[in-house]
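Worksheet: one structure, shown below.
In this note's numbering, the protein residues as written are 1 to 178.
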């Protein structure tokens with residue numbers, strides 16, 4: 001292994017806490033300190049200390065009385081059309097957070113994790129919100145994608161989903177049946 005990887009840089013305890021906080025909030029933001037504690041397993045004092053050391057590099061947003069932190073480069077102008085992602089069942093989009101209510105309406109949580117057993121269904125994300133689940137069936141030359149939206153989708157959302165599905169089909173080198 002030493003031939004493949006250079007020796008790692010030694011970090012002090014404070015440097016390690018700061019680096020872990022920086023990487024978490026850059027990769028998972030917007031997120032709360034409680035999300036960071038849950039994800040990292042750090043006690044509250046260590047999680048807060050790590051966040052405090054990198055807070056100047058992050059943006060703080062308060063939504064409904066809850067403080068979220070994110071990378072200063074993460075926030076940008078809103079796209080005029082819906083942004084859609086068809087994400088797999090165990091994507092970090094949901095796994096990295098203790099409280100998922102900012103992106104997943106609790107009324108639909110059991111549809112995403114039926115039985116509460118940790119088995120996540122693939123999700124449809126539109127403009128940052130989980131709006132449904134999906135599944136695929138692979139065939140020799142096609143992939144069938146079945147959507148189960150939680151609510152009625154408008155024309156722009158359906159068109160954006162079709163575009164995302166086509167990109168997924170191209171990745172698989174298959175024609176999409178939606």
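Beta carbons: idealized from backbone N, C-alpha and C, even for Gly.
Computed from a predicted structure; not experimentally measured.
Shortest alpha-carbon distance to residue i belongs to which of the options?
i           : options          : result
residue 135 : 118, 43, 165, 59 : 165
residue 72  : 35, 125, 22, 157 : 22
residue 31  : 89, 117, 66      : 66
residue 124 : 86, 82, 163, 113 : 86
residue 68  : 48, 109, 119, 6  : 48
Between the C-alpha atoms of residue i and residue j, what's the straight-line distance to the nearest angstrom?
i           : j           : result
residue 101 : residue 130 : 10 Å
residue 111 : residue 18  : 36 Å
residue 70  : residue 148 : 30 Å
residue 84  : residue 169 : 15 Å
residue 50  : residue 37  : 10 Å
residue 55  : residue 138 : 45 Å
residue 161 : residue 115 : 27 Å
residue 42  : residue 159 : 43 Å
residue 35  : residue 104 : 15 Å
Let's test the definition: count the other Cβ atoms within 10 Å of the Cβ of residue i and tell me whether it reaches 16, buried, or not, exposed.
i           : result
residue 14  : exposed
residue 62  : exposed
residue 118 : exposed
residue 6   : exposed
Going by DSSP, what residues sit across from residue i in a beta bridge?
i           : result
residue 149 : 132
residue 69  : 31, 60
residue 113 : For residue 113, which the question treats as bridged, DSSP gives no partner whatsoever.
residue 124 : 86, 132
For the 8 Å Cβ check, are there 3 or more pairs between the stretch 93-100 and the stretch 148-162? no
Using 8 Å as the cut-off, can you tell me whether the stretch 168-176 makes contact with the stretch 127-145, which would need three or more C-beta pairs spanning the two stretches below that distance? yes
With three or more C-beta pairs closer than 8 Å as the rule, is the stretch 96-110 touching the stretch 26-45? yes
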